[in-house]
Amino acid sequence: MRGDELVRALYERYQERDWDAAAALLHPEARLRMPATEERLVGRRQVIGLQRDYPEPWGELRVLRVVGDASASAAEVEIVAGAEVFRCAAFWTVRDGLLHDGVEYWVTVGGEQPPEHRAAAVG
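Sequential numbering from 1 applies to the sequence shown in full-length UniProt numbering.
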């Protein structure tokens with residue numbers, strides 16, 4: 001699979017809570033960074049563990065778009081959890097045909113107020 005196909009499949013497997021299928025898409029030495037919380041996960045087991053152990057219900061995950069090629073790709077992912085909506089920009093590289101080095105930037109949609117000079121752009 002190409003990088004873009006791997007990334008789409010990973011987040012789709014997360015939505016299905018199919019942890020074995022998701023793990024099969026990750027390199028054994030996969031790494032995932034989440035700069036907002038300064039978390040660094042190393043190894044397929046830790047990356048899958050983060051998702052598997054997240055408290056349920058964590059909402060409906062949708063892959064909004066994926067761009068990339070054989071060696072790297074990016075995805076925009078949305079999770080709707082009740083009244084809250086979260087978005088993730090995820091970037092992954094491919095090594096040995098599997099996802100290897102990832103970074104995820106998570107935000108809460110509407111979770112921050114814009115500066116006053118841009119307030120008119122909201123909506």
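Using N, Cα and C, we set each Cβ at its ideal position, and we do this for glycine too.
Check                                                                                                                                                           : Outcome
Going by Cα to Cα distance, which pick from P57, A30, L41 is closest to E84?                                                                                    : P57
The alpha helix (DSSP H) that contains D4, what's its start and end?                                                                                            : 3 to 16
Output the distance between the C-alpha atoms of V63 and E116, rounded to the nearest integer angstrom.                                                         : 32 Å
Out of R52, F91, Q46, which one is the CA nearest neighbour of R65?                                                                                             : F91
So, do the stretch 2 to 10 and the stretch 91 to 105 have three or more beta carbon pairs nearer to each other than 8 Å?                                        : yes
Using only CA atoms, which one of G59, A21, E60 lies nearest to R44?                                                                                            : A21
Looking at the strands, I want to know which residues DSSP matches up with G59.                                                                                 : DSSP lists no partner for G59.
Indicate whether V103 and F86 have their beta-carbon atoms separated by less than 9 Å.                                                                          : no
Closer than 8 Å is the cut-off here; do at least three beta carbon pairs connect the stretch 46 to 61 with the stretch 20 to 38?                                : yes
How many Å lie between L41 and R2 at the Cα?                                                                                                                    : 23 Å
Output needed for L25: all residues of its chain with C-beta closer than 6 Å, excluding positions within five of it in sequence on either side, in chain order. : L6, A9, L10, L99
I'd like the span of the beta strand (DSSP E) that includes L50, first residue to last.                                                                         : Per DSSP, L50 belongs to no beta strand (DSSP E); it is in the alpha helix (DSSP H), 44 to 52.
Measure from the C-beta of G68 to each C-beta in chain C and report whether the shortest distance is under 9 Å.                                                 : Among the chains of the structure shown, chain C does not appear; only one protein chain is present.
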